[in-house]
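Colleague:
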Amino acid sequence: MLIINCPLCGPRDHAEFTYVGDATKNRPENGDSSNDHAWYDFVYLRDNPKGLHEELWQHSFGCRCFVKVLRNTLTHEIIATGMPKDNLILKEKGLELSV
Amino acid sequence: MTEVNTSKNSLRRQSGLAHVINYGQFGNVTLNGPSLFICERHPLTILQLDTNKSKTLTDISNLLNAEFPHTTNTCKGDDERRIIWLGPNRWLIVEPEHGCLQTLIKNEFNSSEVFLTDLSHGKSTVRLRGRKARDVLMKGSGIDWHLNSFGADYCAHTKLFDLAATVDCRDIDVFDIYIARGFAEDFWGTLMDAAAEFGYQVD
Amino acid sequence: MFRFQSRQQQRLDDGGQINRLAPINFTFDGKKFIGFDGDTLASALLANGVRLVGRSFKYHRPRGIYSAGIEEPNALVALRSGDRHEPNTRATAIELFPGLEAKSQNRWPNLLLDYLQINNLLSPFLSAGFYYKTFMGLPGWHFYEYFIRKAAGMGDGTKFKDPDKYDKKHVHCDILIVGGGPTGISAAVTAGRAGARVILVDNHPKLGGQLNGERYFLDKKPAHHWVERCVEELDGLENVTIATRTSAFGYYDSDVVNAIESVSDHLPEPLDYQCRQRLWQIRAKKVILATGATERPIVFSNNDRPGIMLASAARRYVNQYAVKPGKKAVIFTNNDDGYKTAFDLARSGVEVVAVVDSRKNIPEHFEKELNEKDIEVIASSVVIDTYGYFGLNSVKIGTLSHDGKTIESNPYIVSADLLAVSGGWSPNVHLYCHSGGEPVYNDSIEAFVPGELSQNGHSAGASRGSFSLTDCLQEGHNIANTMAKALNLEVAEQIIPETNENTIVPIEALWRVPGKGKKFVDLQDDVTESDITLAHREGYVSVEHLKRYTTLGMGTDQGKTSNLNGQAIMAQEKSEPIEKIGTTTFRPPYTPIALGPLAGRDIGLSYKHTRRSAMHNWHKQNGAIFVEAGQWLRPQYYLNEMEQPSKENMDKAISREVQTVRTSVGLVDVSTLGKIDIQGKDSAEFLNRVYTNGWTKLPIGKARYGIMLREDGLVFDDGTTSRLDEFHYFMTTTTSNAAAVLSHMEYYLQVQWPELDVRVTSVTEQWAAMALAGPKSRNVLSKLLPTINVDNESFPFMGVREVDIEGVPARIFRISFSGELSYEINVPADFGEFIWQRILEVGKAHSIRPYGTEAMGIMRIEKGHVAGPELDGRTTAADLGLQKLLSTKKDFIGSKMMDREGLKDKNRPRLVGLVPVDKKSRVKSGAILVKDPTLAPPVPKLGHVSSSAYLSPTLGHPISLGFVSGDIIETTKKIWAVSPLHNENHELEITDPVFYDQKSERLHD
Ligand SMILES: [Zn+2]
């Protein structure tokens, strides 16, 4: 069991959420063949990092919002959550610096 | 869209629980009587309202003479009409079916300012009341149902007995539960099973 | 009362925490016995002088009761009978209830005469890995396996359905305390006084833990006075919940601890409306692990006989249950525990022959009491061997050499029927390990203790290696106070009571005693010292290999009494310190749990929730045979009143339904289709991006068919979307993808294109939907809508109308799945059944008939429409013959990736029609298409059958849709469908996928 803190609804069981995928991938513009690799990367390439990882989940049984989750893949600890536009890794590092 | 003419049709609105509900006392009812009272609320008008324009919302608020909750997981309203926070810029207005709520708003506001979706028939509503109501909810969902965390005028959109549900705390021990109509029969069965140990009365 | 007493020959006349006024009848192996309320099955058996309770797992050696708690490796019995029969329950953890029925296990035909004890005689051959080394790889393994499994095994399960209910409960708290012994109680009092929301769980019927099994005094009064006072105070605190008979079995991520409450296991059967067990999912901010410690044995020859038990168990039997576990006792110890045991046994009238202490120095403070009670202590000595086949009768004692490897001087034998053994205590670090922690070795107590903190679960008391009672009480209080502080609560005071315990003299490690006989390390799995030395010789030296090679610790007790001894022996063999060897990882569950409470009420039909349409009840009462479509129940076909369910009647019904639609008019429930309400001024732009075709020019009042791709360019879903108003659209999806399509759209709106002004809402449940299909459907519709012109010009193909049917608002879409003139009628769900019935009434003049998914499926195959089996996530639009729907004038989801070489390959399998050459074979969907079924493998796959209509009433023979490689379609007209699983081969003719009305005149009519 993981408890994910939905930025809107508060802490909820992960069973209320649907895992969407890696949140670090940006969707490229369609463009011409020059960005073929960017598309290949966006659609197929996924890292499997040991440690911090930004993931996207949908609170599908709750407010239906997409939620960004910063999770430690080693310990399953959820360090931070935010809205899709938030950069949690940066935020987390900023926090560490300020402490 | 043509709105339902209530006087003519309310008799024919058939709830998703029409063939399921048995009235009376069931389960472990002791000499003290049932610890739970369960009933269906039907027919209701359930309207989803979506707008990100605060001016529009204020105007609607004035039109309906009702306040909209802006805090997440809360509701506002009275015995008659409830307004439930659903998500960002989204609310659910619930009231017993009588007027033409949708037409009322539609006539006043531009369709690009406010988005209305009628969900009156899409949801089944069950009211759970009594001192054991929270114990039943605890069986079905991992939310903290403690009075200090979930008091009157709180609401939650959660997974209740594995179904997507909205729970509106009307009063300390009164809860309105909204679930998808298609699951109503199943939900009712599960609820009765979960309530049996406390003894319950279906009104 | 005296009568009962006389049968319980080992029961003390007074003392203990049993109710002598409440005798309880029970049976063991069919023999009748009497115990008392407060007994466990084990204590009641011991009270009645029963020592032999089972046979061991592998060697079928006679075994008795070894412990007094959940760690029991030996006394596993089958409980109850019939549908409540439960194997492998621990006699030491079963509360006695009236009529309890228990049977010994793993013996045949009975306990005294067990033919399978031949395994014991064969034991020189049955070393670790024996079965696998000997039988695996031989051609007859399957033959041997049956007998091997029969000879080595546990109890049998029941084949009946479990008659009991199981419940679940989700709870939250500030501080969860696991374990209601002195540490846990002390913590609960402090946390409770501080005002924290506290849950205290304990797996026993009452709190007290080790205090219940010892003769401790707190503030000069027996310890139970303090326990009772604390419980009374805690009961009075609204913020504290005490859950007894509740066993925390797993510590999961996010500080979630799961526990199982035995609600009625201690009763003959559950009361009305009572569940048997209840799963507690506890979400805690902080957790105090006060789980205590478990005593471990010492490994010596024949250390498994009935009559040999843990020293603390012997104390618990005399102290808590007032049962003498034997008449003449020898105590074998390497720590102070042995002396406590000797005193308690002696006080209860058990003759203590000797305390055999492997240490050189006897703790001085015991001398006075030893003299008073006239107990002999034999220092620097060990128990070398034991005797007595069905129960201990004597013990061989000798002096240990300095290096511990040999026995010095002449060993001698003393008679005894009880041997109480203490090899020291191991903290119960299981839950700490579940939480992600790694235990570390502590030399001063010779055991693993919790290391660094992983989550918010702090160990306290014996579970972190603090074995003195004062320390336990103090640590419980301290940790609760620290947590209260962290939770911003007022810190509470508690005066820790004064104890009567002696200072503890350190343990001196003794893991094994030299000797020749069988020396058991793991009693439950019959793992011996020689298995471990063998593992060492064969190179299985890491603890994880040791475990798997010898099965050490793999029984239902998870090696609670054996792991450390096994690991220590391996360390000695390797001449390495134990901390270097390490310990295996503990995983949930801490104790064996039943599956019932995990399933809760999600069993049978409730396994997954069932979804019903608004017309469900009508279908049920009118002969519908239902089929599951995802969670939905849908009518598959309708039987007449006279028809019984049968294969022929099914075929008859389906043909009847298809013919009715093709020749007249039918009505089908399509409420299950996903429906999504789309509003906002960017809706058209959004649809343009989501669908492959163009949407900007769709006029109000019109519907359009579209397909969606995934980002990788493959087809995701299809459906029609209608424009209801300038900024208002209504989308339908396939039944199975309804939720996925909604999430898909929400993802793009929230994450990728938040600038678009679009709102999407599922309205699947709001609308009951039915398709009125057939050449006569217009006649029926015009009767339903007398004031509206529904002719072809006023209401053309793909037209959408919002109308009023007898006062009910309705949306009517002129779209067709069957290939006939057809109208999809949507009404608010509460009016679904009413309108359904009205249509059938009005349609009577045209012999209207409801039809099910089977007829619907046949007609769509006849018409060559693709559905779920074709949209299987591997097909492109071109594969489906839908390439004309791919707009070249715009970008849409998937447009970038769909043009990749592999997806444009002309030879990709594409949609075809398939007809059996014999015009009657029923080809299974999923069958593989090959050139020739007689070819020797590997046979190239040319395609597969995706959907099959076993009968097409319209065409008079079976038809299928499938995919065949492009180059084959060009060159071949015939192909074979093979289904090796069913041993079926059928020759098929490749045809156009549209079998019926290829020009689509009927639906435009
Ligand atoms: Zn949420």
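Chain order of the listed sequences is A, B and C.
Mapping of the first sequence onto our numbering: position 97 corresponds to residue 139, and the numbering continues sequentially without gaps.
Mapping of the second sequence onto our numbering: position 95 corresponds to residue 730, and the numbering continues sequentially without gaps.
Mapping of the third sequence onto our numbering: position 852 corresponds to residue 1923, and the numbering continues sequentially without gaps.
Think of the CB as a built atom: it goes at the ideal place given N, C-alpha and C, for glycine as much as any other residue.
1. Return yes when the Cβ of C/Ser1465 is within less than 7 Å of the Cβ of C/Ile1484, no when it is not.
2. Look at the alpha carbon of C/Val1148 and the alpha carbon of C/Asn1181, and state the distance between them as a whole number of angstroms.
3. Report all residues for which the CB-ligand distance to some heavy atom of ligand 1 is below 5 Å; order them along the chain.
4. Which residues, in chain order, does the segment 723 to 742 of chain B contribute to contact with chain A at a C-beta distance below 9 Å?
5. So what does DSSP say about C/Lys1618, is it helix, strand or coil?
6. Could you check the C-alpha separation between B/Gln836 and C/Leu1738 for me, to the nearest Å?
7. I want to see whether chain A comes within less than 7 Å of C/Asp1962, judged by CB atoms only; does it?
8. Express the C-alpha separation of C/Phe1787 and C/Ser1807 in angstroms, rounding to a whole number.
9. With a CB to CB cut of under 8 Å and the five nearest residues on each side skipped, what residues in its chain are close to C/Ile1455?
10. Using three-state DSSP, classify A/Gly63 as helix, strand or coil.
11. With a cut-off of 7 Å, does the C-beta of A/His103 fall near any C-beta of chain B?
12. Taking the alpha carbon of C/Val1358 as the point to measure from, which residue in C/Lys1439, C/Ala1267, C/Leu1308 has its own alpha carbon closest?
13. Flag C/Lys1232 as yes if its beta-carbon sits less than 7 Å from any beta-carbon of chain B, otherwise no.
14. Between C/Asp1789 and C/Leu1942, which are expected to be in contact by the criterion C-beta below 8 Å, what is the C-beta distance as a whole number of angstroms?
15. Comparing the C-beta of B/Ala830 with each C-beta of chain C, is any distance below 7 Å?
16. I'd like the list of long-range same chain contacts for B/Val655, defined as Cβ closer than 7 Å, with 5 residues on each side in sequence excluded.
17. Work out the CA separation of C/Pro1234 and C/Asn1090 for me, nearest whole Å.
18. Could you tell me which chain B residues have their CB closer than 7 Å to the CB of A/Glu58, listed as they occur along the chain?
19. Near C/Leu1911, which residues of its chain fall below 8 Å by C-beta distance, leaving aside the five closest residues on each side in sequence?
20. What are the start and end residues of the alpha helix (DSSP H) that includes C/Trp1351?
21. Assign C/Ile1747 to one of three DSSP states: helix, strand, or coil.
22. Give a yes or no on whether the C-beta atoms belonging to C/Val2079 and C/Val2049 are separated by under 7 Å.
23. Using a Cβ-Cβ cut-off of 7 Å (strictly less than) and excluding sequence neighbours within five positions of C/Tyr2067, which residues of its own chain qualify?
24. Would you list, in sequence order, the uninterrupted alpha helix (DSSP H) runs of no fewer than 4 residues that lie entirely inside the segment 1237 to 1312 of chain C?
25. Please tell me whether C/Asn1688 has its Cβ less than 7 Å away from any Cβ of chain B.
26. Since C/Met1841 sits in a beta bridge, which residues does DSSP pair it with?
27. What's the call for B/His733, buried or exposed, on a 16-neighbour Cβ count within 10 Å?
28. Taking all protein chains shown into account, decide if C/Ile1566 is buried (16 or more other Cβ within 10 angstroms of its Cβ) or exposed.
29. Quick check on B/Arg648: does DSSP put it in helix, strand or coil?
30. Roughly how many angstroms separate the alpha carbons of C/Ile1883 and C/Ser2071, rounded to a whole number?
31. Taking only runs of the alpha helix (DSSP H) that begin and end inside the segment 48 to 117 of chain A, which ones reach a length of at least 4 residues, in chain order?
32. Run through chain A and tell me which residues come within less than 9 Å of B/Gly765, C-beta to C-beta.
33. Threshold first: 4 residues or longer. Then list the alpha helix (DSSP H) segments lying entirely within the segment 1091 to 1153 of chain C, N to C.
34. When DSSP labels each residue in this structure, what does A/Leu44 get in the three-state scheme?
35. When you check each C-beta in the segment 1952 to 1985 of chain C against every C-beta of chain A, which residues fall closer than 7 Å?
Modeller: Answer, in terms of the structure:
1. yes
2. Each residue's Cα considered, the two are about 13 Å apart.
3. With 5 Å as the limit between CB and the heavy atoms of ligand 1, the residues that fall short of it are A/Cys48, A/Leu50, A/Cys51, A/His101, A/Gly104, A/Cys105.
4. Pro723, Arg725
5. helix
6. 40 Å
7. Under the 7 Å criterion on CB atoms, C/Asp1962 is classed as interfacial with respect to chain A.
8. 11 Å
9. Phe1371, Ser1372, Lys1467, Ile1468, Gly1469, Ile1478, Pro1482, Val1584, Pro1585, Gly1586
10. strand
11. Before going further, note that residue 103 of chain A is Phe rather than His in the sequence given. Chain B contact via Cβ: present.
12. C/Ala1267
13. no
14. 6 Å
15. no
16. Glu820, Trp823
17. 31 Å
18. The contacting residues are Thr793, Lys794.
19. Leu1738, Ile1919, Pro1921
20. Looking at the DSSP string, C/Trp1351 is not in any alpha helix (DSSP H); the run it does join, the beta strand (DSSP E), is 1348 to 1360.
21. strand
22. Because chain C spans 1072 through 2076 in this model, residue 2079 of chain C falls outside it and cannot be assessed.
23. Gly1890, Glu1933, Lys1934, Thr2025
24. 1253 to 1264, 1294 to 1306
25. Output row for C/Asn1688: interface = yes.
26. C/Asp1740, C/Ile1896
27. exposed
28. It is exposed - the Cβ of C/Ile1566 has fewer than 16 other Cβ atoms within 10 Å.
29. The three-state reading of DSSP puts B/Arg648 in coil, since its state is none of H, G, I, E or B.
30. 20 Å
31. 78 to 86
32. Under a criterion of Cβ atoms nearer than 9 Å, no residue of chain A is adjacent to B/Gly765; the nearest Cβ is some 26 Å distant.
33. 1112 to 1118
34. DSSP places A/Leu44 in coil when its eight states are reduced to three.
35. Asp1962, Ser1966, Lys1967, Met1968
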